[in-house]
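Novice: In this note's numbering, the protein residues as written are 18 to 89.
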Amino acid sequence: EDEIKIIAKKKITLNGGGSYITLDANAIESATAGDYRTQAGQYVRLEQASNPEEFPSLAVIKKEPSGKFTFS
């Protein structure tokens, strides 16, 4: 798909040039020292909503690595 998903259990912060956007379960916060611009064909405010994503499970390590590497 032409999509990028970033999923975190608690919080995501995206920083760029000193500006940031933070997302967590209770708030979306954005800040910048410069201009803050939005553009839209239509801007609509709706009731509160959420779309909780399933946090992907990570692979379980069954055996500790030996710490040895083979080079050829």
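C-beta atoms are modelled at their ideal positions from N, C-alpha and C, and glycine is treated no differently.
For Y60, name the three-state secondary structure that DSSP assigns.
Specialist: The residue labelled residue 60 in the question sits at position 43 within the sequence shown. Three-state result, Y60: coil.
Novice: Which of the three DSSP states is assigned to G35 in this structure?
Specialist: Sequence index remark: in the sequence shown, residue 35 carries index 18 (1-based). The answer is coil: DSSP assigns G35 none of H, G, I, E or B.
Novice: Out of curiosity, what's the CA-to-CA distance linking I38 and A25?
Specialist: Here residue 38 refers to the residue found at position 21 of the sequence shown. Here residue 25 refers to the residue found at position 8 of the sequence shown. Whole-angstrom Cα-Cα distance: 14 angstroms.
Novice: Name the residue from G34, I21, L31 and I45 whose alpha carbon lies nearest to the alpha carbon of A66.
Specialist: The count along the sequence shown starts at 1 and reaches residue 66 at position 49. Among G34, I21, L31 and I45, the Cα nearest to that of A66 belongs to I45.
Novice: In whole angstroms, what is the alpha-carbon distance linking L63 and K85?
Specialist: Counting from one through the sequence shown, the residue named residue 63 turns up at place 46. Counting from one through the sequence shown, the residue named residue 85 turns up at place 68. Between L63 and K85, the C-alpha separation is close to 57 angstroms.
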